[in-house]
Amino acid sequence: MTSLEKYLKDSRNPVYSILFVIPLFLIYEVLALTLHTFHITTLRNGADVMLRNVASFAGLDTFPFLIFFILIILGVFAGVYKKEKKVQINLSYFPIMLLESILYAIIMGSVAVNLTDLILTIHAKVPLAISPASSEFWVNAMLSFGAGLHEELVFRLILIELLFFISKNIYKKKSKSIIFNPNAIFALIVSSLIFSYFHYVGSYGDTFEISSFVFRAISGLYLSIIYLGRGFGVSAWTHALYDLFLLSGLM
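Sequential numbering of the sequence shown, starting at 20, is according to the working numbering.
This is how it looks when you write it as structure tokens:
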């Protein structure tokens, strides 16, 4: 096994994903709390709000939910690490995973635009990654990191796995391939369509346009493939960095 093959195999392990995504969670929460404290904005990511509403329905208010979420992360990490006793944490992998995420984020917009153009045979306008966007860098940074964390958690880690489980119990044909698998294809397509539709829901939702819907569905499919191939951590950072680059005018 070459060094590259070892990196790709080891870094896809859930232990690396959990450790890699913890800084994303901390950055988002610190920015959100700071911006709220100084009355700069009370906005939060839509998927975050949805999760908090679920927590509120379960009787948890904001602060306990924050602690609850941290405990879930630590609990999952402990369980996975116990199961994967042979995993050796190589700290040098994390900078490489970040560079990998930056690369995926840079090419994500071009892939989505070109495929949207190909499907609709019209020139697609890149929709805002986040609505509403702000002129304040730190507000956009907070919303970007929140999108990367919470939307990947909801639409990739939870929804894809749920759809895969449902499909696997209906269509029982097995496949050794991770991506070229009927159950995986079903989960990727449906979750990507739901992910795109989510951007038009609520008071801050965008006005529906077929070009922006297709663009976001393709973006969701792109992130879903990264999730299946490289894990939750890389897909979350890719999503966050893409949104940040777009809102900062770097793309």
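Quick reminder that beta carbons are idealized off the backbone N, C-alpha and C, glycines included.
| Item | Value |
| --- | --- |
| The region 41-48 in contact with the region 119-129 per 3-pair CB rule at 8 angstroms | no |
| Rounded Cβ spacing between ILE92 and VAL233 (contact assumed at less than 8 angstroms) | With 8 angstroms as the limit, ILE92 and VAL233 do not qualify as a contact, their Cβ atoms being about 34 angstroms apart. |
| Per-residue burial, LEU45 [other beta carbons within 10 Å of its own, 16 or more giving buried] | exposed |
| Local Cβ density within 10 Å of PRO151, reported as buried at 16 or more and exposed below that | Annotation note: pLDDT 49 at PRO151 (below 50); position unreliable, coordinate value reported separately. Burial call: exposed. |
| Inter-residue CB distance, ALA206 and LEU50 (contact presumed, cutoff 8 angstroms) | Wrong, their Cβ atoms sit about 32 angstroms apart, outside the cutoff. |
| TRP256 burial status per 10 Å Cβ neighbour count (16 or more: buried) | buried |
| DSSP three-state assignment for SER111, whether helix, strand or coil | coil |
| C-beta contact flag for ILE213 and VAL130 at 9 angstroms | no |
| Start and end residues, alpha helix (DSSP H) containing ILE179 | 178-189 |
| Beta-carbon proximity of GLU171 to SER111, cut-off 9 angstroms | no |
| Three-state class that DSSP yields for SER267 in the structure shown | coil |
| ILE244 versus VAL173: straight-line alpha-carbon distance, rounded | 15 angstroms |
| Where ARG175 falls: helix, strand or coil (DSSP) | helix |
| Neighbourhood of TYR190 by C-beta distance below 8 angstroms, restricted to the same chain and skipping five residues each side | PRO201, ASN202 and PHE205 |
| Exposure of SER211, with buried meaning 16 or more beta-carbon neighbours within 10 Å | buried |
| Inter-residue Cα distance where the pair is LEU23 and TYR47 | 31 angstroms |
| Proximity winner among ILE179, GLY221, THR53 and PRO33, relative to ILE7 (alpha-carbon distances) | The chain is shown only over 20 to 270; residue 7 falls outside these bounds and no answer can be derived. |
| Neighbour-count burial assignment, LEU269, 16 or more Cβ in a 10 Å radius | exposed |
| Same chain only: Cβ atoms within 6 angstroms of GLN168, ignoring 5 sequence neighbours per side | The sequence shown places Leu at residue 168, not Gln. Contacts found: LEU43, PHE44, TYR47 and ALA255. |
| Cβ-Cβ separation, HIS258 to ALA166 (assumed contact under 8 angstroms), whole Å | 6 angstroms |
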